[in-house]
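These notes are about the structure you will find just below.
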Amino acid sequence: MEVIAADARLSPRATTRAHAVVRRRRYLSFVGTVVLSFVLVVWTLLPIYNMILISLEPEGDVFTDHIWPRVASGESFRGVLTQGHWYLEHFWRQFANSLYMGAWVTFLTLAIGTLTAFSIGRMRIRHGWLVSNAALMTYVIPASFLAIPFYRIMQNYGLANNLWSVIAALVAFATPYAFFVFQEYGRSIPIEVDESARIDGASPIQVYYRIYLPLMAPALVAVGTYAMLLAWNEYLYQFLLLSSKSSMTVPVALAQFLNSDQSPWNYMMATAIIYALPPVAVYYAFRRRMTAGLTMGGVKG
Amino acid sequence: MFCAFVVYPVAYGLSMASEPSLYRELLANPLYARTVVNTALFVGVGVNVKMFLALLLSGFFMRRRWWIKALLPIYILPWALPAIPAFVSFHWMLIGEEGLVDSALSALFGLQGPLWFHDRRLALGSDIVAYVWKWMPFWTLTFFAARTAIPQEIYEAAAVDGAGVCRRFVHVVFPLLGNLYLVCTLLSTVWTIGDFTTVYLVSEGAPSYSTDVLATLGIHYAFDAARPALGVAAALSALPVLIPAVLLLMRVLHTREVQL
């Protein structure tokens, strides 16, 4: 703007030319932004649109080459919700399994994560750094490389086909991350708060409950959401460890559709959409706090 | 707890795969060599494309137009969506002429789309695209959060000094986010080497196991061929790459004080 003003003092023709350049540049940037936005929307929504499209097909009409639903039918959703197909006869049971697993993974990750971070970060126990380094190692070992030994061990423990084996595995993989976020976040709470409570006669447990946990609330929300999404996203361990129809979770049931060529794909996609709803809802409910947790915590996908 | 569910599986896995003859068998198998190439391509291309686009897009989302603000929650959707439905949907989208992509190609442009899972390159490409689709939003959000922490005055100072978009990116954004970018790329590389779900559900290793990566090959060996020790060996053969990456990551984290 300074430049343009200086030009104005020199000659009116130069001013109009400068204005034209600025205007054209702005116009181009505007068009670029619109095009990029449009591309992003299509890119993001295409697979989701595909899910909805297939789930709305009436039965027997799944493989037809059109890109708009010709006859939309809610039939598959009704089928899933009433367990109306033999592939889906345990749907609600499996959904409850998924919820149960997600809830326990979230709870245990938060409990173990805060307790470790509290005892190492606030109470300064000896050799605490050993635990943090071990945690960092676990944090970076890909879980899928441990799947086969884990499967063997779970059979030795007699926990095969038990939801708790999956819960144990997921908690083991989620706690290091939780520990990091809690430790980072805990640094922002001055240690003097603890000390003054101690002087007033609070025991460590009271400090943990009354002071530490309430102050950590934003980090708790972020990590809790992360743990829940992790449990909901995970597939390999559930697929390996849960094989009976009444113990399996929705992802495993979904994958069963893939084993056959004659599966009702519209039912499968309807199940997939219903399964995808809870994390999306949780995500949008806690979105603002999650970004806050991300900036101060770690990064894990 | 930690010992029973983390240390013990690691030790058990190492002991299962300690037999040298297993590695000789792996090396003799042409499928294994191709799997290593696939893994390198999947990780190398997937991670770098994803991170770089995420870095650029995080700048795009810094703009102050109302529809860009509205776009962000939609753009984040793939991250919130569970991996299984998303990848199953990718699989069906590309299944052949009945899939949505080929249908759209023929309806809009009259083109005959390819059979995506009949060609190794196309199938691996689909895996990478699905992977980028699922994970790019998360990293974009991470970089976006880091960018909002950069004081606005620095951009304005650079702009007043006459730096265009490109020069501002090279001289302002990149030096400030470089460390974070390095850490995120390393972390993402380590996780992607162990990624199982994408390849297993999108291309299913098709055509005939030629797009398998190490993680899926290990599972195939262990459960389809009933050779669990060989499966563990296949997975653990990634350790020579994994351990240096992890050590480098720890060094960067310790020495540079990266604020994640």
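Keeping their order, the protein sequence lines are chains A and B. Numbering follows the numbering used here, in which position 114 of the first sequence is assigned residue number 114; successive positions increment by one, without gaps. Just add 1000 to the spot in the second sequence (first one is 1) and you have the numbering used here. Note that the Cβ used here is the ideal one computed from N, Cα and C, for glycine as well.
Proximal chain A residues relative to B/Gly-1194, where beta-carbon distance stays under 7 Å: For the purposes of this step, residue 1194 of chain B is taken as the residue at position 194 of the second sequence. The answer, in chain order, is Pro-142, Ala-143, Ser-144, Phe-145.
Stretch pair the region 1104 to 1114 of chain B + the region 251 to 258 of chain A: three plus CB contacts closer than 8 Å: Output reads no: the region 251 to 258 of chain A does not touch the region 1104 to 1114 of chain B.
B/Cys-1166, buried or exposed, once every other Cβ within 10 Å from all chains shown has been counted against 16: Taking the first residue of the second sequence as 1, we reach residue 1166 of chain B at position 166. B/Cys-1166 is exposed by the Cβ-count criterion.
Cut-off 8 Å between Cβ atoms - residues of its own chain near A/Gly-224, not counting five sequence neighbours on either side: Working through the first sequence from its first residue, we reach residue 224 of chain A at position 224. Short of 8 Å from the beta carbon of A/Gly-224, and not among the five residues preceding or following it, lie these beta carbons of its own chain, in chain order: Thr-106, Thr-109, Leu-110.
Own chain partners of B/Met-1136 with C-beta closer than 7 Å, once the 5 adjacent residues on each side are dropped: As a working note, residue 1136 of chain B is residue 136 in the second sequence. Excluding sequence neighbours, B/Met-1136 sits near Lys-1050, Leu-1053, Ala-1054.
Neighbourhood of B/Ala-1245 by C-beta distance below 7 Å, restricted to the same chain and skipping five residues each side: Against the second sequence, residue 1245 of chain B aligns to sequence position 245. These residues qualify, in order along the chain: Leu-1186, Thr-1189, Val-1190.
Under 9 Å from the C-beta of A/Arg-26: neighbouring residues of chain B: Taking the first residue of the first sequence as 1, we reach residue 26 of chain A at position 26. Residues of chain B whose Cβ lies closer than 9 Å to the Cβ of A/Arg-26 do not exist; the shortest such Cβ separation is about 12 Å.
Neighbouring residues, chain A, relative to B/Tyr-1012 (Cβ below 8 Å): Here residue 1012 of chain B is taken as the residue at index 12 of the second sequence, counted from 1. Within chain A, the residues near B/Tyr-1012 are Pro-149, Arg-152, Ile-153.
Residues near B/Ala-1215 in its chain [Cβ-Cβ closer than 7 Å; skip 5 each side]: Within the second sequence, residue 1215 of chain B is the residue found at index 215, counting from 1. Take B/Ala-1215, set aside five residues on each side of it, and the residues of its chain with a beta-carbon closer than 7 Å to its own are Gly-1194, Asp-1195, Phe-1196, Ala-1235, in chain order.
B/Thr-1211 - DSSP class collapsed to helix/strand/coil: Your numbering for residue 1211 of chain B matches position 211 in the second sequence. DSSP places B/Thr-1211 outside both helix and strand once states are collapsed to three, so it counts as coil.
Three or more C-beta pairs below 8 Å linking the region 161 to 168 of chain A and the region 178 to 189 of chain A: Flag = no, the region 161 to 168 of chain A and the region 178 to 189 of chain A do not touch.
With 16 other Cβ atoms within 10 Å as the buried cut-off, status of A/Phe-30: Start at 1 with the first residue of the first sequence, and residue 30 of chain A comes out as number 30. By the 10 Å Cβ count, A/Phe-30 comes out exposed.
Exposed unless 16 or more other CB atoms sit within 10 angstroms - verdict on B/Leu-1180: For the purposes of this step, residue 1180 of chain B is identified with residue 180 of the second sequence, where counting begins at 1. Taking all protein chains shown into account, B/Leu-1180 has 16 or more neighbouring C-beta atoms within 10 Å of its C-beta and is therefore buried.
Residue from B/Phe-1174, B/Ala-1149, B/Met-1250, B/Val-1043 whose Cα sits closest to the Cα of B/Val-1199: Translated into the one-based positions of the second sequence, residue 1199 of chain B becomes position 199. Nearest of B/Phe-1174, B/Ala-1149, B/Met-1250, B/Val-1043 to B/Val-1199, Cα basis: B/Val-1043.
Cutoff 8 Å: B/Arg-1120 Cβ touching any chain A Cβ: Along the second sequence, one-based indexing puts residue 1120 of chain B at 120. Taking Cβ atoms only, chain A never reaches closer than 8 Å to B/Arg-1120, which makes this a no.
CB contact below 8 Å: B/Val-1036 versus chain C: Of the protein chains in this structure, namely A and B, none is chain C.
Span of the alpha helix (DSSP H) around B/Trp-1116: Start at 1 with the first residue of the second sequence, and residue 1116 of chain B comes out as number 116. DSSP places B/Trp-1116 outside any alpha helix (DSSP H), giving it a letter other than H or E.
Span of the alpha helix (DSSP H) around A/Gln-350: Absent from the model: residue 350 of chain A. The displayed extent of chain A is 1 to 301, so no value can be given.
Neighbour flag for A/Ile-189 against chain B, beta carbons, 8 Å: Walking along the first sequence from the start, residue 189 of chain A turns up at place 189. Using a Cβ-Cβ cut-off of 8 Å, A/Ile-189 does not count as an interface residue toward chain B, since no Cβ of chain B sits closer than that to its own.
Local Cβ density within 10 Å of A/Asn-156, reported as buried at 16 or more and exposed below that: Reading the first sequence from its first residue, position 156 is the one you call residue 156 of chain A. So A/Asn-156 counts as exposed.
Closest residue to B/Met-1016 among B/Ile-1243, B/Arg-1251, B/Gly-1231, B/Leu-1027 (Cα-Cα distance): Taking the second sequence and counting its residues from 1, the one referred to as residue 1016 of chain B is at position 16. Nearest of B/Ile-1243, B/Arg-1251, B/Gly-1231, B/Leu-1027 to B/Met-1016, Cα basis: B/Gly-1231.
is_contact[A/Arg-287, chain B] using C-beta, thresh 8 Å: Within the first sequence, residue 287 of chain A is the residue found at index 287, counting from 1. Using beta-carbon distances, A/Arg-287 counts as an interface residue toward chain B, with a partner under 8 Å.
CB contact flag (A/Ser-246, A/His-90, <8 Å): Here residue 246 of chain A corresponds to residue number 246 of the first sequence, with the count starting at 1. Here residue 90 of chain A corresponds to residue number 90 of the first sequence, with the count starting at 1. Yes, they are a contact pair.
Chain-ordered neighbours of B/Pro-1078 on chain A, where CB pairs are closer than 7 Å: Taking the second sequence and counting its residues from 1, one reaches residue 1078 of chain B at position 78. Simply Thr-44.
Host alpha helix (DSSP H) of B/Thr-1197 (start-end): Your numbering for residue 1197 of chain B matches position 197 in the second sequence. Per DSSP, B/Thr-1197 is one residue of the alpha helix (DSSP H) stretching across 1197 to 1202.
Rounded C-alpha distance that separates A/Thr-37 from A/Trp-232: Mapped onto the first sequence, residue 37 of chain A falls at position 37. Mapped onto the first sequence, residue 232 of chain A falls at position 232. As written in the sequence, residue 37 of chain A is Ser, which differs from the Thr given in the question. So the alpha carbons of these two residues sit roughly 29 Å apart.
8 Å Cβ cut-off: residues of chain A touching B/Arg-1063: The sequence position of residue 1063 of chain B within the second sequence is 63, counting from 1. B/Arg-1063 reaches chain A at Thr-33, counting residues in chain order whose Cβ is nearer than 8 Å.
Three-state secondary structure assigned by DSSP to B/Thr-1189: Here the question's residue 1189 of chain B lines up with position 189 in the second sequence. Note: B/Thr-1189 maps to helix in three-state DSSP.
Reduced DSSP category for A/Tyr-237 - H, G, I as helix; E, B as strand; rest coil: Taking the first residue of the first sequence as position 1, residue 237 of chain A is located at position 237. The answer is helix: DSSP assigns A/Tyr-237 an H, G or I state.
Proximity to A/Pro-58 [Cα-Cα], best of A/Val-39, A/Arg-78, A/Leu-220: Here residue 58 of chain A refers to the residue found at position 58 of the first sequence. Distances from the CA of A/Pro-58 to each of A/Val-39, A/Arg-78, A/Leu-220 were compared; the closest alpha carbon is that of A/Arg-78.
Candidates A/Ser-76, A/Ser-144, A/Trp-265, A/Thr-16: closest to B/Gly-1013 by CA position: Working through the second sequence from its first residue, we reach residue 1013 of chain B at position 13. Nearest option by C-alpha distance: A/Ser-144.
Cβ-based neighbour list, B/Val-1088, same chain, cut-off 8 Å, excluding 5 preceding and 5 following: In the second sequence, counting from the first residue as 1, residue 1088 of chain B sits at position 88. Same-chain partners within the cutoff: Leu-1201.
A/Gly-32 to B/Ala-1159 span [Cα, whole Å]: By 1-based counting over the first sequence, the position of residue 32 of chain A is 32. By 1-based counting over the second sequence, the position of residue 1159 of chain B is 159. When rounded, the distance between both Cα atoms is 20 Å.
Alpha carbon of A/Arg-17 to alpha carbon of B/Ala-1146, nearest angstrom: Position 17 of the first sequence, counted from the first residue, corresponds to residue 17 of chain A. Position 146 of the second sequence, counted from the first residue, corresponds to residue 1146 of chain B. Using only the alpha carbons, I get a separation of about 38 Å.
Contact with chain B by A/Arg-78, beta-carbon distance below 8 Å: Counted from its first residue, the first sequence places residue 78 of chain A at position 78. False, the Cβ-Cβ gap to chain B never drops below 8 Å.
Counted within 10 angstroms of its Cβ, other Cβ atoms place B/Trp-1079 as buried (16 or more) or exposed: Counted from its first residue, the second sequence places residue 1079 of chain B at position 79. Per the 10 Å Cβ criterion, buried.
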